[in-house]
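Reviewing the structure listed below.
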Amino acid sequence: MTTATVTTDERTLEELQRDHGPALLTFLLGLTYGDRQRAEDLAQETLVRAWLHPEAFDGTYASMRPWLFTVARRLAIDARRSRLARPAEIGDGLLAATPDPADATASAEAALDVRAAVRELSPEHRAVLVRLYFHGLTVKEAAVELGIPAGTVKSRSHYALRQLGRSLPGYRPRRAAVARVRAGAPQ
Numbered sequence: 003m004t005t006a007t008v009t010t011d012e013r014t015l016e017e018l019q020r021d022h023g024p025a026l027l028t029f030l031l032g033l034t035y036g037d038r039q040r041a042e043d044l045a046q047e048t049l050v051r052a053w054l055h056p057e058a059f060d061g062t063y064a065s066m067r068p069w070l071f072t073v074a075r076r077l078a079i080d081a082r083r084s085r086l087a088r089p090a091e092i093g094d095g096l097l098a099a100t101p102d103p104a105d106a107t108a109s110a111e112a113a114l115d116v117r118a119a120v121r122e123l124s125p126e127h128r129a130v131l132v133r134l135y136f137h138g139l140t141v142k143e144a145a146v147e148l149g150i151p152a153g154t155v156k157s158r159s160h161y162a163l164r165q166l167g168r169s170l171p172g173y174r175p176r177r178a179a180v181a182r183v184r185a186g187a188p189q
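Numbering (the numbering used here), first residue to last: 3 to 189.
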């Protein structure tokens, strides 16, 4: 058994597009920060919704514009939320500049750079990083081993990572690792 879907007739849809299409597009351009392609896609999707919901034309209001703008605004919000939920895309340039993890030479070179940068740190900062990142101790464990307060371990690791950031081009501490150090969790 098949059920026929009732849709808005073509003439009504054409009138809707003619009467409200330009205003709808202008409204959506504002919501999409001037992105014409996105605004046109949203306008088309709004008209598809009008085509699929002929009951909207039976309302007591004088104009379909409020209904159209409400649908368009909700579609724009949904599209924005959807885009923000996806991870950001990266360009080919970044991929080309990223070293291959399987490349032993690049890994060895990076390890030498890190060792040299760690050697440049003060003995106090180096001791904290070695215990936190190389030995995998928690902030509390490192504090006990070094005989200093946990807050001192946290501040020394912060300043040591900052110094490494200046010494190593392109270095950015991983936020999750930094958050674990601040929270005192094991690495």
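The beta-carbon is built from N, C-alpha and C at its ideal position, and this holds for glycine as well.
* To do: Go ahead and pull the three-state DSSP assignment for Thr-72.
  => Here residue 72 refers to the residue found at position 70 of the sequence shown. DSSP places Thr-72 in helix when its eight states are reduced to three.
* Asked: Is it true that the CB of Glu-47 sits closer than 8 angstroms to the CB of Leu-15?
  -> Locating residue 15 in the sequence shown gives position 13, counting from the first residue. Locating residue 47 in the sequence shown gives position 45, counting from the first residue. Contact flag unset, no.
* **Candidates Arg-75, Ala-145, His-22: closest to Ser-65 by CA position** => Reading the sequence shown from its first residue, position 63 is the one you call residue 65. Nearest C-alpha to Ser-65: His-22.
* Would you kindly report the start and end of the unbroken alpha helix (DSSP H) that includes Thr-28? => Taking the sequence shown and counting its residues from 1, the one referred to as residue 28 is at position 26. Taken as a continuous stretch (DSSP letters only), the alpha helix (DSSP H) holding Thr-28 covers 12-33.
* To do: Look up Tyr-63 in the DSSP assignment and say whether it is helix, strand or coil.
  => Taking the first residue of the sequence shown as 1, we reach residue 63 at position 61. Residue state, collapsed to three classes: coil.
* With DSSP run on the structure shown, which of helix, strand or coil describes Asp-43? -> Mapped onto the sequence shown, residue 43 falls at position 41. Reduced to three states, the DSSP call for Asp-43 is helix.
* Please determine, among Glu-126, Pro-24, Leu-170, the residue with the shortest C-alpha to C-alpha distance to Arg-158. => The residue you call residue 158 lines up with position 156 of the sequence shown. Residue Glu-126 is the option with its Cα nearest to Arg-158.
* Reduced DSSP category for Ser-124 - H, G, I as helix; E, B as strand; rest coil -> The count along the sequence shown starts at 1 and reaches residue 124 at position 122. Of the three classes helix, strand and coil, the one that applies to Ser-124 here is coil, per DSSP.
* Asked: With a cut-off of 8 angstroms, do at least 3 Cβ pairs link the stretch 67-83 to the stretch 41-55?
  -> With a cut-off of 8 angstroms on Cβ pairs, the stretch 67-83 is in contact with the stretch 41-55, counting three or more such pairs.
* To do: Consult DSSP for Pro-56 and reduce its assignment to one of helix, strand or coil.
  => Locating residue 56 in the sequence shown gives position 54, where the first residue counts as 1. It is helical.
* Taking only the alpha-carbon atoms, compute the straight-line gap between Leu-139 and Leu-30 and give it to the nearest angstrom. => Stepping through the sequence shown from its first residue, residue 139 is reached at position 137. Stepping through the sequence shown from its first residue, residue 30 is reached at position 28. Just so you know, the alpha carbons of Leu-139 and Leu-30 end up roughly 53 angstroms apart.
* To do: Measure the C-alpha to C-alpha separation of Asp-11 and Leu-26 and round it to an integer number of angstroms.
  => Along the sequence shown, one-based indexing puts residue 11 at 9. Along the sequence shown, one-based indexing puts residue 26 at 24. Asp-11 and Leu-26 have their C-alpha atoms spaced approximately 20 angstroms apart.
* To do: On a CA-only basis, which of Glu-42, Glu-147, Asp-80 is nearest Leu-134? Give me that one, please.
  => Here residue 134 refers to the residue found at position 132 when the sequence shown is read from its first residue. Closest option to Leu-134, Cα to Cα, is Glu-147.
* Local conformation of Ile-79 per DSSP, three classes -> To locate residue 79, count along the sequence shown from 1; it is residue 77. Three-state result, Ile-79: helix.
* To do: Rank Glu-111, Ile-150, Val-120, Ala-144 by C-alpha distance to the C-alpha of Arg-164 and give the top, closest one.
  => In the sequence shown, counting from the first residue as 1, residue 164 sits at position 162. Ranking Glu-111, Ile-150, Val-120, Ala-144 by Cα distance to Arg-164 puts Val-120 first.
* **8 angstroms Cβ cutoff, Leu-166 in contact with chain B** => Absent here is chain B; the protein component of the structure consists of one chain.
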